[in-house]
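For reference, the structure discussed in these notes is given below.
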């Protein structure tokens with residue numbers, strides 16, 4: 051199954067100081083992310099795959115890597131939270147899957163990831179920026195497919211599914227579920 055990927059990258063002064071330009075370019079490579087998203091789509095169960103009335107030609111989404119300033123503005127505008135966050139997902143299919151022709155790709159939506167926040171989160175967790183970006187992209191991807199986490203049980207299920215998605219692209223993460231759940235607001 052092919053996935054069309056619209057990838058945009060914003061310039062990040064802070065990251066350019068901490069990472070050589072070629073390393074940063076490799077982290078946000080369109081080829082890398084197309085490969086990961088195709089692997090994730092291939093890993094989905096039939097019930098998880100959005101199809102509409104016909105299996106689509108493919109899927110498309112926008113994956114945007116940005117900084118804290120832009121993600122804070124988006125978080126304020128769409129979630130009424132005046133602070134940066136790590137990842138935002140804007141699903142194209144908030145309710146029903148549109149009935150499209152078989153010759154068109156199905157748009158899943160947009161994932162926006164703050165490279166600044168991802169870098170801050172990766173360091174204390176002891177894993178690479180690449181692992182953190184992949185973790186956040188998997189989280190956003192699941193939101194685009196309709197996953198949500200309004201309670202601890204659904205959050206635990208979603209995080210376990212993220213671990214599975216990362217495993218299929220050969221990235222292992224240590225999931226400290228009790229620590230994560232203790233930090234979620236009641």
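In our numbering, the protein residues as written are 51 to 236. Ideal Cβ placement from N, Cα and C applies to all residues, glycine included. On a predicted model such as this, the values are computed, not experimentally measured, just so you know.
Here's the rule I'm using: 16 or more other beta-carbon atoms within 10 Å means buried, otherwise exposed. How should residue i be labelled?
{"i": "residue 166", "result": "buried"}
{"i": "residue 218", "result": "exposed"}
{"i": "residue 23", "result": "Nothing about residue 23 can be reported from this structure: the residues present for the chain run from 51 to 236 only."}
{"i": "residue 224", "result": "exposed"}
{"i": "residue 190", "result": "buried"}
{"i": "residue 236", "result": "Unreliable placement is indicated for residue 236, whose pLDDT of 43 sits below 50; no coordinate value is reported for it."}
{"i": "residue 198", "result": "exposed"}
{"i": "residue 174", "result": "exposed"}
{"i": "residue 164", "result": "buried"}
{"i": "residue 100", "result": "buried"}
{"i": "residue 207", "result": "exposed"}
{"i": "residue 110", "result": "buried"}
{"i": "residue 126", "result": "exposed"}
{"i": "residue 214", "result": "exposed"}
{"i": "residue 212", "result": "buried"}
{"i": "residue 160", "result": "buried"}
{"i": "residue 118", "result": "buried"}
{"i": "residue 222", "result": "exposed"}
Quick one: what's residue i bridged to in DSSP?
{"i": "residue 140", "result": "160"}
Please identify the residue among the options whose C-alpha is closest to the C-alpha of residue i.
{"i": "residue 171", "options": "182, 162 and 163", "result": "182"}
{"i": "residue 179", "options": "100, 119 and 136", "result": "136"}
{"i": "residue 108", "options": "185, 155 and 192", "result": "155"}
{"i": "residue 195", "options": "79, 187 and 202", "result": "187"}
{"i": "residue 185", "options": "200, 220 and 204", "result": "220"}
Closer than 7 Å to a non-hydrogen atom of the ligand HEM - does that hold for the CB of residue i?
{"i": "residue 141", "result": "This structure lacks the ligand HEM, and indeed carries no ligand of any kind."}
Contact between the stretch 128 to 143 and the stretch 76 to 85 (3+ Cβ pairs under 8 Å): no
Cβ contact check for the stretch 89 to 100 and the stretch 73 to 80: 3 or more pairs under 8 Å: no
Minimum length 4: unbroken alpha helix (DSSP H) runs contained in the stretch 161 to 206: 165 to 175 and 179 to 194
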